[in-house]
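Chemist:
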Amino acid sequence: MVNIVASAGRNGVHDFILLRASAIILVLYTLLLAGFFVVTPTVTYAEWQGFFACMGVKVATLVALAALLAHAKIGIWQVLSDYVKPPFLRGALQFFFSVLLLVYVAAGFLIVWGV
């Protein structure tokens, strides 16, 4: 009998570390955005565009987007493996959500580099 383990990382410990690291990155990115709103009295379109035109913010946004992808991928895998028992349906849903996450990342790249 073949034992197939389908996780986002190599094993459970790797998934655990990826989840924690991605969560920390997402918290730091949230603090970056919150800091922008705290130090900017009135946010206009020009200020918002200028903020995202900064290379550091673009890189931080893309890193946060990658962290969100990893976090969501592991979370979706955990939920589907716990609650969806038929293997074909679980595989189809994992495929659907993986493609959807890649579309979100592609859209994020286009939006960030379009500023």
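The sequence shown lines up with residues 295 to 409 when you count with our numbering. Cβ atoms here follow ideal geometry from the backbone N, Cα and C, with glycine treated the same way. Computed from a predicted model, the values in this text were never measured in an experiment.
#1: Roughly how many whole angstroms lie between the Cα atoms of Glu341 and Leu356?
#2: When DSSP labels each residue in this structure, what does Thr334 get in the three-state scheme?
#3: Can you name, in chain order, every residue of its own chain whose Cβ lies under 7 Å from the Cβ of Asn297, other than the five neighbours on each side?
#4: Which ranges does the alpha helix (DSSP H) cover as unbroken runs of at least 4 residues, wholly within the region 319-388, from first to last along the chain?
#5: Tell me whether Ala401 is buried or exposed, calling it buried when 16 or more other Cβ atoms sit within 10 Å of its Cβ.
Modeler: Concretely, from the data shown:
#1: 20 Å
#2: coil
#3: At Asn297, the pLDDT of 45 sits below 50, so the modelled position is not reliable; the number obtained from the coordinates is stated separately. Annotation for Asn297: no residue places its beta carbon closer than 7 Å to its own, counting only its chain and skipping 5 residues before and after.
#4: Counting only runs of 4 or more, we get 339-347, 349-377.
#5: exposed
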